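Report on the following structure.
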Amino acid sequence: MLDFATWLESTAPALFVRESLNGFQILVGIHLMGLIFSVGTLLWLDLRLAGLALRGTSIAMLNRQLMPWFATGFIVMIASGLVLFAGFATSAYANPFFLIKLAAILFAGINAWLFHRMLGRDVRTWDRDPVPPAPVRAAGIVSLALWTTVILCGRMMSYTMF
Ligand code: HEM
Numbered sequence: 047m048l049d050f051a052t053w054l055e056s057t058a059p060a061l062f063v064r065e066s067l068n069g070f071q072i073l074v075g076i077h078l079m080g081l082i083f084s085v086g087t088l089l090w091l092d093l094r095l096a097g098l099a100l101r102g103t104s105i106a107m108l109n110r111q112l113m114p115w116f117a118t119g120f121i122v123m124i125a126s127g128l129v130l131f132a133g134f135a136t137s138a139y140a141n142p143f144f145l146i147k148l149a150a151i152l153f154a155g156i157n158a159w160l161f162h163r164m165l166g167r168d169v170r171t172w173d174r175d176p177v178p179p180a181p182v183r184a185a186g187i188v189s190l191a192l193w194t195t196v197i198l199c200g201r202m203m204s205y206t207m208f
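If you read the sequence shown in my numbering, its first letter stands for residue 47, the second for the next number, and so on.
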C-alpha cells in the first residue's frame with residue numbers, strides 16, 4: 047500500500063495539489079462545493095424522513111427533485127477527494143480519521159440501499175405522513191449521523207495529516 051501511495055504522490059494531479067501555488071485551496075474549495083450540493087441537499091430529505099422538517103411535502107417528490115443535485119455533488123466530491131488524496135496519499139492512507147471517513151461513507155451507502163430495498167417500496171403508504179413510521183425515521187437519523195461523522199473526520203484530517 048505504501049508503494050502505491052508513494053507512486054500516487056508523484057502523479058501530475060498530486061503535484062498540482064501539493065506543489066502548485068493554489069492547487070490545494072482550489073481542490074478543497076471544489077470538494078466543499080461538492081459537499082454543499084450533495085450532503086447539503088440530502089440533509090433536507092433526511093430531516094423530512096425523520097419527521098423534523100418539511101412535514102407537508104411529499105417524500106417521493108422531494109426525493110425525485112433533490113436526487114439529481116445530490117448525485118452531481120457526490121460525483122464532484124468523490125472526484126476532488128480522490129485528487130486531494132493523491133496529493134497526500136502517504137500521510138492520508140493510514141490516518142485513522144480518513145479510514146473512519148471512508149467507512150462512514152460506505153455505511154451511509156448501505157443505509158440508503160437498505161432503505162430503498164426494505165422501506166422505499168411502500169413509500170405510497172407514508173409518503174405524506176407528517177411524521178413517517180419509526181423505521182423510516184430511523185433511516186433518516188442514521189443517515190444524518192453518518193454524514194456528520196464523514197464531515198467531522200474530513201475536518202479532523204486537516205489537523206492530523208500534515
Ligand atoms: C463523499 C463524501 C465526502 C465528504 C462529505 C467529505 C468532506 C470533507 C471535509 C468537510 C473536508 C475538510 C475540508 C477542510 O478542512 O477544509 C475534507 C477534506 C478532505 N477529503 Fe473529503 N469528503 C468526502 C469524500 C472524500 C473522498 C472519497 C476522499 C478520498 C478518497 C476524500 C479526501 C479528502 C482529503 C485528502 C481531505 C483533506 C484536505 C484538507 O486537509 O483540508 N474525501 N473532506
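Beta carbons are placed, not taken as given, at the ideal position from N, Cα and C, and that holds for glycine.
Since this is a predicted model, take the numbers as computed values, not measurements.
Go to Glu65, then tell me how far its alpha helix (DSSP H) extends in each direction, as first and last residue.
-> 58 to 65
Inspect the beta-carbon positions of Ile146 and Thr195 and report whether they are closer than 8 Å.
-> yes
Would a C-beta distance cut-off of 8 Å place Ser126 and His162 closer than the cut-off?
-> no
Quick one: using the 10 Å Cβ neighbour count with 16 as the cut-off for buried, is Arg94 buried or exposed?
-> buried
Closest residue to Phe70 among Leu128, Pro181, Val85 (Cα-Cα distance) = Leu128
Under three-state DSSP, which class holds Gly211?
-> The requested residue 211 does not occur in the structure, where the chain is confined to residues 47 to 208.
Indicate the three-state DSSP secondary structure (helix, strand or coil) for Val203 in the structure shown.
-> Checking the displayed sequence, the identity of residue 203 turns out to be Met instead of Val. If DSSP states are grouped into helix, strand and coil, Met203 belongs with the helices.
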